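Asker:
Residue numbers (this note's numbering), protein chains in the order written: chain A, 99 to 246; chain B, 71 to 152.
Now the structure itself:
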């Protein structure tokens with residue numbers, strides 16, 4: 099079964115109508131529905147999404163929480179801290195970036211992000227791709243996954 | 071109400087604290103079972119988990135009331151949080 103860790107930038111892009119990758123992000127989540135796929139997320143991603151939405155004045159975000167309940171969420175706990183420390187020295191990234199990379203590493207998932215810097219650094223430890231690259235390489239409909 | 075998020079659980083904890091794990095399962099707690107520093111299994115209350123398709127469908131087309139516009143990109147907005 100395919101395993102992926104989707105970075106906050108892809109989720110936020112799906113809400114952000116003015117984002118360059120808005121359509122691609124929506125299409126990415128749409129296409130994933132056709133596959134048996136395991137999505138593993140660090141809890142920090144959910145917190146970031148909720149924080150961004152809150153800052154734009156959005157209220158009643160319980161629907162986002164309910165949607166996220168369908169994913170495998172890894173908490174920030176003692177185990178995570180002990181394991182994530184080893185990730186910190188290998189990638190020159192900020193703490194939250196490193197936790198996302200740790201999640202992909204420990205779950206042996208492909209990291210998916212629109213953030214070029216995160217992908218570049220994460221690539222030292224895990225397989226890291228943009229949603230469009232991932233869909234193309236995994237055999238999703240590549241014509242539609244190109245920029246629309 | 072118990073958290074819907076998963077909690078890491080070592081094989082040792084599963085063995086030594088099984089009654090406590092069963093109790094927490096009964097309150098809706100999900101677990102990731104860890105063996106030799108790797109997650110090997112998910113332990114969840116029977117039939118408590120929603121189908122992932124629902125979660126994917128939500129982000130493929132978020133409700134209009136939650137969509138927004140910004141001069142910043144999604145990457146920049148996330149960067150601001152990190």
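C-beta: ideal position from N, C-alpha, C; glycine also. Keep in mind it's a predicted model, so treat the numbers as computed, not measured.
With a floor of 3 residues, list each beta strand (DSSP E) that falls wholly inside the segment 188–212 of chain A, ordered by position along the chain.
Answerer: Listed in chain order, they are 208–210.
Asker: Please report the straight-line C-alpha distance between residue 79 of chain B and residue 104 of chain B, rounded to a whole angstrom.
Answerer: For the purposes of this step, residue 79 of chain B is taken as the residue at position 9 of the second chain. For the purposes of this step, residue 104 of chain B is taken as the residue at position 34 of the second chain. Near 6 Å, if we compare the C-alpha coordinates of residue 104 of chain B and residue 79 of chain B.
Asker: Does at least one heavy atom of the ligand NAP sit under 7 Å from the Cβ of residue 77 of chain B?
Answerer: The model on display carries no ligand, and the ligand NAP is accordingly not part of it.
Asker: Using the Cα positions of residue 148 of chain B and residue 99 of chain B, report the straight-line distance between them to the nearest angstrom.
Answerer: The sequence position of residue 148 of chain B within the second chain is 78, counting from 1. The sequence position of residue 99 of chain B within the second chain is 29, counting from 1. Cα-Cα distance, rounded: 29 Å.
Asker: How would you list, in chain order, the residues of chain B whose beta-carbon sits under 8 Å from the beta-carbon of residue 170 of chain A?
Answerer: In the first chain, the residue the question calls residue 170 of chain A occupies position 72. By Cβ distance, chain B contributes 76, 102 and 112.
Asker: At a Cβ threshold of 8 Å, is residue 127 of chain B touching chain A?
Answerer: For the purposes of this step, residue 127 of chain B is taken as the residue at position 57 of the second chain. Yes, because at least one Cβ of chain A sits closer than 8 Å to the Cβ of residue 127 of chain B.
Asker: Using only the alpha-carbon positions, how far apart do residue 102 of chain B and residue 109 of chain B sit?
Answerer: What you label residue 102 of chain B is simply residue 32 of the second chain in a count that begins at 1. What you label residue 109 of chain B is simply residue 39 of the second chain in a count that begins at 1. Using only the alpha carbons, I get a separation of about 6 Å.
Asker: Run down chain A in chain order and give the residues with a C-beta less than 9 Å from the C-beta of residue 108 of chain B.
Answerer: Counting from one through the second chain, the residue named residue 108 of chain B turns up at place 38. Chain A residues near residue 108 of chain B: 204, 205 and 206.
Asker: Using beta carbons (cut-off 8 Å, strictly below), is residue 116 of chain A in contact with chain B?
Answerer: As a first step, residue 116 of chain A is located in the first chain; it is residue number 18 there, counting from the start. Yes, its Cβ sits closer than 8 Å to a Cβ of chain B.
Asker: Alpha carbon to alpha carbon, what distance is there between residue 189 of chain A and residue 222 of chain A?
Answerer: Position 124 of the first chain holds residue 222 of chain A. Position 91 of the first chain holds residue 189 of chain A. Answer to the nearest angstrom: the Cα atoms are 7 Å apart.
Asker: Please tell me whether residue 147 of chain A and residue 162 of chain A are closer than 8 Å, where the distance is taken between their beta carbons.
Answerer: Here the question's residue 147 of chain A lines up with position 49 in the first chain. Here the question's residue 162 of chain A lines up with position 64 in the first chain. Yes.
Asker: Could you tell me whether the Cβ atoms of residue 207 of chain A and residue 132 of chain B are closer together than 8 Å?
Answerer: Here residue 207 of chain A corresponds to residue number 109 of the first chain, with the count starting at 1. Here residue 132 of chain B corresponds to residue number 62 of the second chain, with the count starting at 1. No; because the gap between Cβ atoms is not below 8 Å, this pair is not in contact.
Asker: With a cut-off of 8 Å, does the C-beta of residue 141 of chain A fall near any C-beta of chain B?
Answerer: Within the first chain, the letter at position 43 stands for residue 141 of chain A. Output row for residue 141 of chain A: interface = yes.
Asker: Buried or exposed: which applies to residue 233 of chain A, given that a residue is buried once 16 or more other Cβ atoms fall within 10 Å of its Cβ?
Answerer: The residue you call residue 233 of chain A lines up with position 135 of the first chain. So residue 233 of chain A counts as buried.
Asker: With a cut-off of 8 Å, does the C-beta of residue 115 of chain B fall near any C-beta of chain A?
Answerer: Reading the second chain from its first residue, position 45 is the one you call residue 115 of chain B. Cβ-Cβ to chain A under 8 Å: no for residue 115 of chain B.
Asker: Which full runs of the beta strand (DSSP E) of 3+ residues lie inside the segment 144–185 of chain A, going along the chain?
Answerer: Runs of the beta strand (DSSP E) inside the segment 144–185 of chain A: 170–172.
Asker: Per DSSP, what kind of secondary structure is residue 117 of chain A in: helix, strand or coil?
Answerer: Here residue 117 of chain A refers to the residue found at position 19 of the first chain. Note: residue 117 of chain A maps to coil in three-state DSSP.
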